[in-house]
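Start counting the sequence shown at 2; every next residue gets the next number (my numbering).
Ideal placement from N, C-alpha and C gives every residue a C-beta, glycine not left out.
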Amino acid sequence: MNKKDPAGYYALLGVPETATATEIKSAFRQNAKALHPDRNPSPDAVRQFQHLNEAYQVLSNPDTRARYDTLYAQIPQSETASSHQVAPEPIVCSCCKKVTAQPRYIIFFQVTSFIVLTIRTPIQGIFCPKCAESKAIQSTITTWLLGWWGLPWGLIYSVSTIFQNLFGGSKPNEVNARLLIYQAWVFATQNKFELARGVAADAEDFARKIKKEDKRKVLNLVEELLSALDTKTPIKRLKNVWSIPNRAFYVQGSILIAVATLFVSSVAYVPTETNHTSPSVSPTHPDTSSPSPPKPEYVRPITADNGVPFPSTSSYIDGYPIQSTDGYSKVIVDNSQNDSDVFVKLFTLDTNRPAPVRVFFIRAGEKFTIENIKAGNYDVRYRDLDSGFLARTDPFDLREVEILERIEFSEVTLTLYKVYGGNMQTHSISENEF
Ligand SMILES: [Zn+2]
Numbered sequence: 002m003n004k005k006d007p008a009g010y011y012a013l014l015g016v017p018e019t020a021t022a023t024e025i026k027s028a029f030r031q032n033a034k035a036l037h038p039d040r041n042p043s044p045d046a047v048r049q050f051q052h053l054n055e056a057y058q059v060l061s062n063p064d065t066r067a068r069y070d071t072l073y074a075q076i077p078q079s080e081t082a083s084s085h086q087v088a089p090e091p092i093v094c095s096c097c098k099k100v101t102a103q104p105r106y107i108i109f110f111q112v113t114s115f116i117v118l119t120i121r122t123p124i125q126g127i128f129c130p131k132c133a134e135s136k137a138i139q140s141t142i143t144t145w146l147l148g149w150w151g152l153p154w155g156l157i158y159s160v161s162t163i164f165q166n167l168f169g170g171s172k173p174n175e176v177n178a179r180l181l182i183y184q185a186w187v188f189a190t191q192n193k194f195e196l197a198r199g200v201a202a203d204a205e206d207f208a209r210k211i212k213k214e215d216k217r218k219v220l221n222l223v224e225e226l227l228s229a230l231d232t233k234t235p236i237k238r239l240k241n242v243w244s245i246p247n248r249a250f251y252v253q254g255s256i257l258i259a260v261a262t263l264f265v266s267s268v269a270y271v272p273t274e275t276n277h278t279s280p281s282v283s284p285t286h287p288d289t290s291s292p293s294p295p296k297p298e299y300v301r302p303i304t305a306d307n308g309v310p311f312p313s314t315s316s317y318i319d320g321y322p323i324q325s326t327d328g329y330s331k332v333i334v335d336n337s338q339n340d341s342d343v344f345v346k347l348f349t350l351d352t353n354r355p356a357p358v359r360v361f362f363i364r365a366g367e368k369f370t371i372e373n374i375k376a377g378n379y380d381v382r383y384r385d386l387d388s389g390f391l392a393r394t395d396p397f398d399l400r401e402v403e404i405l406e407r408i409e410f411s412e413v414t415l416t417l418y419k420v421y422g423g424n425m426q427t428h429s430i431s432e433n434e435f
C-alpha cells in the first residue's frame, strides 16, 4: 500500500495523489457509473460503491483532503530511531518533488464563472516557496480572467479569493504543524539537529494557532520533540521564506492595483458625463427667462454708466447728450411685453465706430418714443436690468424723403422681448459693445 494513500482513496478513483479537484470529480463520476449497484453484478457492489463515496467525500473537501494527504507524515510509535528501521523519507514539494526545509500545505482557490454558474476550485498540496508562488499567481490570474462573469457569486467569490491568494492562500494550522513536526524529526534522524530544531520551532508556531481541542495534543508532540533535541543553546530560527510581501504578493498586488485604477477612472468618468447632459435636460421650466446661464453674480445697478441714478419713469437719462436731433424720424421702443426694466441706447452706425446718440430708461411693461431722429442707419442696444443680459436689435434705416413740399419720414417700432429665449431673435452683445 502506498504510504501517501493510506486508505487507497486515490487508487480507488484511479488518479495520482497530485490530481486536481476537477480530475478527482470527473474520476468519481466515471467510477460511480461503473460501480453503481444497479449496474454492478458483483456481490460486493454495495460495499464498493460505499467505499468510492467515502473516498470522494474526503478528497472533494479541501480540508479533509489536506488532512488525508498528510496522514503519512507521522513519527512512528516505535520511535527511538533504531538502526533496523529504514531511513524515513523527508517531505517533498508535491510539485517539483524537491526536499524543502520549510514545506507548507497550502490551499489556494481559483474561481471560474459562466453566467449563473460559479465554481470555486481548490488548488492544494504541499508546496515549496517557489511552487507556491507560481500556484498563487496562476490561480489569481485565472480568477481575474474567468471568475467575474457569474451572478451573484462570481463577484463575491472572486474578491475573497483574490485577497486570500494575495496573502499566501490558506495554510491549515494543524496540518502544517504535524507536517513540520515530521520534517523536523526526519532531519533529526539525519543528524541535522540545528535544522531540526528550527523546523520544530516553526511547527510550534502553527500548533499554537490551532483552535480545536487537538491543540494540546499537537503542542505536546512539538514539545516532546524539542526537548529531545534540546542542546541547551537558543534555537536558530529559520529565515522565513514564507513572509509576505514576497514576489507573488507583488505580482498579484500589481494586477489588483491596475484593475482598481481602471475601475476608479471609469467610475470617475461617469459623473463628468452626467454633468454634461444635465443642463440640457433640466430646463423643463416653462419660464423662458429663468435658464440662468453662467452670469458672474450680476447685481442690478442703481445708476447708469455715467453714475446718474435710473429715473423712476421711462425717460432719457440725465447727463447723456441727446444727439442726432435734426431729423423727423421716430422710433418707438416697446418694452410692454417685458417684465423687467431696460437700459437702452440708440446707436448710430454711420460713424466709424458705432456710437450712442440717445440713452434712456424704459420701465417694464411700457413704451418709449424717441423723436426727431436724423436719417441714417441705427440699431438699439439694451440691457435687461433684472438679468444683466445685453442684446441689440437688427440694424435698421431711418429715411427722409421730400415729396411735394412734404417730408416723408420713417416711423419704426421695435419691440423688445425678454432677452433670453424670447420669440424674437436677439443678438447677444458684449459689455464693450454697449
Ligand atoms: Zn516545489
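If the five residues before and after Thr370 are omitted, its C-beta is found closer than 7 angstroms to the C-beta atoms of Lys331 and Ile333, all from its own chain and listed in chain order. In summary, Ser161 is exposed, with fewer than 16 beta-carbon neighbours lying within 10 Å of its beta-carbon over all protein chains present.
In this structure, Phe50 has its CB at a distance of at least 7 angstroms from all heavy atoms of ligand 1. Fully enclosed alpha helix (DSSP H) runs of no fewer than 4 residues occupy 130-147, 154-167 and 174-190 of the region 127-190, in order along the chain. Leu347 sits close to Val381, with the two beta carbons spaced by under 8 angstroms. By the Cβ-count criterion, Gln51 is exposed, with fewer than 16 other Cβ atoms from all chains shown falling within 10 Å of its own Cβ.
By the neighbour-count definition (other C-beta atoms within 10 Å, threshold 16), Cys132 is a buried residue. Arg384 is the residue among Arg384, Ser411 and Val200 whose C-alpha sits nearest the C-alpha of Glu434. In this structure, Thr21 is the residue among Thr21, Ala56 and Ala189 with its C-alpha nearest to the C-alpha of Gln125. If you draw a 10 Å sphere on the C-beta of Gln111, you find 16 or more other C-beta atoms in it, and that means buried. The C-beta of Pro130 has 16 or more other C-beta atoms within 10 Å across all chains shown, which makes the residue buried.
If you check the C-beta of Phe128 against ligand 1, you find a heavy atom less than 7 angstroms away.
Annotation: Val93 to Gly169 spans about 19 angstroms, alpha carbon to alpha carbon.
A distance criterion of 7 angstroms places the beta-carbon of Lys131 in contact range of ligand 1, judged by its closest non-hydrogen atom.
Taking a C-beta distance under 8 angstroms as the contact criterion, Ile182 and Ala197 do not qualify as a contact pair.
For Arg384, the enclosing beta strand (DSSP E) stretches over residues Gly377 to Asp385.
The three-state reading of DSSP puts Tyr106 in strand, counting E and B together. In this structure, the straight-line span from the alpha carbon of Thr190 to that of Phe29 is close to 39 angstroms. Residue pairing from DSSP places His428 in a beta bridge opposite Arg393. As a beta-bridge residue in DSSP terms, Leu118 pairs with Phe115. When the beta-carbon positions are compared, Leu417 and Val343 come within less than 8 angstroms of each other.
For Ala305, the three-state secondary structure derived from DSSP is coil. The beta carbon of Tyr299 sits closer than 6 angstroms to the beta carbons of Gly389 from its chain, once the five residues preceding and following it are set aside; these are given in chain order.
Bridge pairing for Pro123: Phe110 [DSSP]. In the structure shown, Lys331 adopts extended strand secondary structure according to DSSP, grouped into three states. In the three-state DSSP reduction, Pro63 falls in the helix class (H, G or I).
Around Lys4, the same chain offers Tyr73 as residues with beta carbons nearer than 7 angstroms, after the five sequence neighbours per side are excluded. Within a 10 Å sphere around the beta-carbon of Asn339 sit 16 or more other beta-carbons, which makes this residue buried. The alpha-carbon separation between Tyr69 and Val100 amounts to approximately 20 angstroms. Beta-carbon to beta-carbon, Gly151 and Ile116 are separated by about 6 angstroms, close enough to satisfy the 8 angstroms threshold. Residue state for Phe50 is assigned as helix, using DSSP reduced to three classes. If you compare the alpha carbons of Cys97, Ile157 and Leu147 with that of Ser135, the shortest gap goes to Cys97.
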